[in-house]
Amino acid sequence: MRYVFIGFFMLFFNSAGYGQAQDTSAELKALYSIYDFQFEKYHNQLRALPAGEAALTQLLEIFFLRWKEIPVAFSTAGSQYQQLLLKNLSVLLKEKKPTPSTIYYQICTYLFLAEYYSSLNENWTALKYAQKAYPLVIASLDKKTNQPEFLFINGLYLYYIEYYREKNLFYRVALSPLRKGNKEEGLKILNQCLEKKSMIQIEANLYLVHILLHLEKKPYEALPISRNLVTCFPKNLKFAELYAENLIAVKKYVEANRFVSILETQRSPYYSVPGHVLRGLIEEDYLNNKNKAKEAYLFSTRQELKPVEYFQKIALQRLKKNNN
Numbered sequence: 147m148r149y150v151f152i153g154f155f156m157l158f159f160n161s162a163g164y165g166q167a168q169d170t171s172a173e174l175k176a177l178y179s180i181y182d183f184q185f186e187k188y189h190n191q192l193r194a195l196p197a198g199e200a201a202l203t204q205l206l207e208i209f210f211l212r213w214k215e216i217p218v219a220f221s222t223a224g225s226q227y228q229q230l231l232l233k234n235l236s237v238l239l240k241e242k243k244p245t246p247s248t249i250y251y252q253i254c255t256y257l258f259l260a261e262y263y264s265s266l267n268e269n270w271t272a273l274k275y276a277q278k279a280y281p282l283v284i285a286s287l288d289k290k291t292n293q294p295e296f297l298f299i300n301g302l303y304l305y306y307i308e309y310y311r312e313k314n315l316f317y318r319v320a321l322s323p324l325r326k327g328n329k330e331e332g333l334k335i336l337n338q339c340l341e342k343k344s345m346i347q348i349e350a351n352l353y354l355v356h357i358l359l360h361l362e363k364k365p366y367e368a369l370p371i372s373r374n375l376v377t378c379f380p381k382n383l384k385f386a387e388l389y390a391e392n393l394i395a396v397k398k399y400v401e402a403n404r405f406v407s408i409l410e411t412q413r414s415p416y417y418s419v420p421g422h423v424l425r426g427l428i429e430e431d432y433l434n435n436k437n438k439a440k441e442a443y444l445f446s447t448r449q450e451l452k453p454v455e456y457f458q459k460i461a462l463q464r465l466k467k468n469n470n
């Protein structure tokens, strides 16, 4: 989860949720299969969705590609993903009287497109789509809805707009035309999203872990939430990565070890690079084995890969510190 240009937008689309909440809906079952990397099971469930849910089905297919081919912009499915987004947006914009669900799907699609182009460093195109989403997000704030999906967007906006305003002068100037937020209120709303089963409940868990662990530097508060993610979805490698990082942040190295072992043996560098960086932290900070830590850090920096640059920076910082 990294951010470019108008930074707060970039956290909407790393996995925005979809749809209308139904406690035992077929939509939720399909979505949970995606989260747990049970992709064949997801396709069987997709065929069981009720007729007349074309927009939802389309967004679930987009969501499926984002998780199966993660990081999708750098995968062989990148072009297919882009075309699915553009096709979906074209259909949504043809509706003369858009429903709340349609508006929500529009927001998601705009932000997925912004994320896609930003990942490829096409930032002006990314900005164009983020700007299209902005008035819809503000309209959601003004309506003060209790619908979980819109509450989720509202909470993200309120937190991240202020986080970036506080970050440095550049962001304060760049974001000055946009409506102000409130970090405390944003966190309060995101916590509310944890309580009710909906299409965005897991996303609320995911973003709260990210905020508490990386931005607020409160790893002990993040730990029960990250543990819940891996308990509910044990096959999800991204959740395993986040939980392992969280465990190391609270010095639970032994518990982190089995998740790190899974990550570092993956073929995809999207998972193996974080796995080796986390292995290096265990070797250095817990086992006091500088040589094995160095090997792990060096492995993680052999190739530049934007989606894991956060972890590669950690490795480079540790290598620099240990060489001094």
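Residue numbers 147 to 470, in this note's numbering, belong to the letters of the sequence shown in order.
Here a beta-carbon is modelled for each residue, glycine too, at the ideal position from N, C-alpha and C.
Predicted model only: the values in this text are computed from it and were never measured.
Margin query: For GLU367 and SER286, I'd like the C-alpha separation in whole angstroms.
Written below: 29 Å
Check: Roughly how many whole angstroms lie between the Cα atoms of TYR306 and VAL454?
Finding: 21 Å
Check: Should LEU393 go down as buried or exposed, given a rule of 16 or more other Cβ atoms within 10 Å for buried?
Finding: buried
Item checked: Cα-Cα separation between GLU308 and CYS339, rounded to whole angstroms -> 20 Å
Margin query: Just verifying my parser: in three-state terms, what is the DSSP assignment at LYS384?
Written below: DSSP, reduced to helix, strand and coil, places LYS384 within a helical segment of the structure shown.
Checklist line | Secondary structure of SER322, DSSP reduced to three states | finding: coil
Next item on the list: Check whether the stretch 332-349 touches the stretch 287-294, taking contact to mean three or more Cβ pairs, one atom from each stretch, closer than 8 Å.
Entry: yes
Note to self: So ALA390 and PHE405 are supposed to be a Cβ contact under 8 Å. How far apart are they, rounded?
What the structure shows: Your pair ALA390 and PHE405 checks out as a contact, with CB atoms roughly 4 Å apart and the cut at 8 Å.
Next item on the list: Give every residue of the same chain whose Cβ lies closer than 7 Å to the Cβ of GLU401, excluding the five residues on either side of it in the sequence, and list them in chain order.
Entry: LEU393
Item checked: Residue range of the unbroken alpha helix (DSSP H) whose run includes PRO415 -> 415-427
Notebook entry, point to check: Which runs of the beta strand (DSSP E) spanning at least 3 residues fall entirely within the stretch 224-278, listed in chain order?
Noted result: The stretch 224-278 contains no complete beta strand (DSSP E) run of 3 or more residues.
Checklist line | Of the listed residues TYR399, SER414, LYS274 and LEU358, nearest to PRO217 (C-alpha basis) | finding: Relative to the Cα of PRO217, the nearest Cα in the group TYR399, SER414, LYS274 and LEU358 belongs to SER414.
Margin query: Would you call the stretch 174-182 in contact with the stretch 223-240, where contact means no fewer than 3 C-beta pairs closer than 8 Å?
Written below: no
Notebook entry, point to check: Exposed or buried, what is ASN382 when buried is set at 16 or more other beta-carbons lying within 10 Å of its beta-carbon?
Noted result: Buried, since its Cβ has 16 or more Cβ neighbours within 10 Å.
Check: What whole-angstrom Cβ distance do GLY426 and TYR443 have, given they're in contact under 8 Å?
Finding: A Cβ-Cβ distance of about 5 Å is found for the pair GLY426 and TYR443, placing them in contact under the 8 Å criterion.
Notebook entry, point to check: From LEU202, LYS466, TYR317 and ALA172, pick the residue whose C-alpha is nearest to that of GLN191; which is it?
Noted result: ALA172
Next item on the list: For VAL396, name the three-state secondary structure that DSSP assigns.
Entry: coil
Check: Taking the C-alpha atoms as reference points, what is the distance between LYS397 and PRO365?
Finding: 10 Å
Checklist line | Span separating the alpha-carbon of ASP169 from that of LYS343 | finding: Per-residue confidence for ASP169 stands at a pLDDT of 42, beneath the threshold of 50, marking its modelled position as unreliable; the derived number appears in the next sentence. Rounded to whole angstroms, ASP169 to LYS343 spans 6 Å at the Cα level.
Next item on the list: Have a look at LEU195 and ALA201 and give me their C-alpha separation to the nearest angstrom.
Entry: 12 Å
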